[in-house]
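Chemist: Structure below; questions to follow.
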DNA sequence: CACATATATAGATGGTTGTCAATATAGATG
DNA sequence: CATCTATATTGACAACCATCTATATATGTG
């Protein structure tokens, strides 16, 4: 039961240890998904997402900047990365712009991780 | 109800739009988590993880290489990244090394995403 | 023991990313 | 309208990353 599939006689010239596995993610899907994960693969962006998720749709850039030792353009850049990847939506409210988390995307990512757990 | 918290009189010199939000992730936690997400922020590594998750602990490197147009050292590198981040464990089984997915880590990541959804 | 196969390591290189300073835009208000 | 505040854009630079080629290690087999 703990033996490798190659313990079976090989007929082809090219060895095939476990020929039964097939990619479920095609290249395009995997690339898209990688871009999505990349957007939250930065400590500052994770913390920004953390902050925004607590704000009930009422968090502006200046609320965020206050928590970091980074310049305004850098925070603006990170917000853009999160927005472009679909993690947040931003809406102008007079002078400031309020941000909120896109719950659907986070939920979809949880589904992907779940698939990798089950193997099916 | 849809008004910003700054609609309240300001007493300090520095404006505070939404002073109530606080980071729940400290810098170390966020950095660690970012490294973890970074490991799956690459299309090839996502596809490798996908393949390994289907193999029931019986997938070797050669099973993986076959699915990509990449050299063996490159696949070996990606496997190392996944292993170092804790996504897979690898066990020598004679000539080959069989890989399996670390379900606990995937589950923990789902918990993080869940926290970002709820805001609590 | 010689050789084939699976995997790892080292070093080089081109591409991407995070950050900053400087500047621009645009809404609100005295 | 002049000014302040919030945000975006641009361009530069250093750090990091993915990939390759070449080579090494180690296990199994004739």
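Residue numbers (my numbering), protein chains in the order written: chain A, 14 to 133; chain B, 14 to 133. Glycine included, each C-beta is placed from N, C-alpha and C at the ideal position. Quick caveat: nothing in here was measured; it's all calculated off a predicted structure.
#1: Runs of 4 residues minimum, wholly inside the region 21–96 of chain A: which ones carry the alpha helix (DSSP H) assignment?
#2: Tell me, which residues are paired with residue 114 (chain A) by DSSP?
#3: Considering Cα atoms alone, identify which of A:100, A:36 and A:47 is closest to residue 61 (chain A).
#4: Contact criterion: CB-CB distance below 8 Å. Does residue 86 (chain B) meet it with respect to chain A?
#5: Please confirm if residue 116 (chain B) has its CB atom under 8 Å from at least one CB of chain A.
#6: Distance, Cα to Cα, residue 102 (chain B) vs residue 130 (chain A)?
#7: At 9 Å on the CB atoms, spell out the chain A contacts of residue 130 (chain B), in chain order.
#8: Using the beta-carbon of each residue, which ones in chain A are nearer than 7 Å to residue 63 (chain B)?
#9: Quick one: using the 10 Å Cβ neighbour count with 16 as the cut-off for buried, is residue 114 (chain B) buried or exposed?
#10: Going by Cα to Cα distance, which pick from A:48, A:56, A:75 and A:87 is closest to residue 108 (chain A)?
#11: Using a cut-off of 7 Å between C-beta atoms, extract the partners of residue 59 (chain B) located in chain A.
#12: In angstroms with no decimal places, state the Cα-to-Cα distance between residue 104 (chain B) and residue 35 (chain B).
#13: Answer with yes or no whether the minimum CB distance from residue 93 (chain B) to chain A is below 8 Å.
#14: Return the CA-CA distance between residue 85 (chain B) and residue 110 (chain A), expressed in angstroms with no decimal places.
#15: How would you list, in chain order, the residues of chain B whose beta-carbon sits under 7 Å from the beta-carbon of residue 55 (chain A)?
#16: From A:68, A:56, A:106 and A:97, pick the residue whose C-alpha is nearest to that of residue 83 (chain A); which is it?
#17: Within the 8 Å Cβ cut-off, does residue 83 (chain A) reach chain B?
#18: For residue 91 (chain A), tell me which candidate among A:39, A:43, A:58 and A:45 has the shortest Cα-Cα distance.
#19: Our contact map puts residue 46 (chain A) next to residue 116 (chain A) with C-beta atoms below 8 Å; I'd like the distance itself, whole angstroms only.
Modeler: Judging by the given coordinates:
#1: With a minimum length of 4 residues, the continuous alpha helix (DSSP H) runs that stay inside the region 21–96 of chain A are 40–52, 56–66 and 74–78.
#2: Under the DSSP definition of a beta bridge, residue 114 (chain A) partners with A:101.
#3: Taking only the C-alpha atoms, the option nearest residue 61 (chain A) is A:100.
#4: No, because no Cβ of chain A sits closer than 8 Å to the Cβ of residue 86 (chain B).
#5: It does; some Cβ of chain A falls within 8 Å.
#6: C-alpha separation (whole angstroms): 14 Å.
#7: Those are 66, 114, 116, 119, 120 and 123, listed as they occur along chain A.
#8: The answer, in chain order, is 36, 37, 38 and 129.
#9: Residue environment for residue 114 (chain B): buried (at least 16 other C-beta atoms within 10 angstroms of its C-beta).
#10: Measuring from the Cα of residue 108 (chain A), the nearest candidate turns out to be A:75.
#11: Those within 7 Å of residue 59 (chain B) in chain A are 38, 43, 46 and 47.
#12: Here the alpha carbons of residue 35 (chain B) and residue 104 (chain B) stand approximately 42 Å from one another.
#13: So, not an interface residue.
#14: Approximately 48 Å between the Cα atoms of the pair.
#15: The answer, in chain order, is 47.
#16: For residue 83 (chain A), the nearest C-alpha among the options comes from A:56.
#17: With 8 Å as the cut-off, residue 83 (chain A) does not count as an interface residue toward chain B.
#18: Checking every option, the nearest Cα to that of residue 91 (chain A) belongs to A:58.
#19: Residue 46 (chain A) to residue 116 (chain A), Cβ: 18 Å. No contact.
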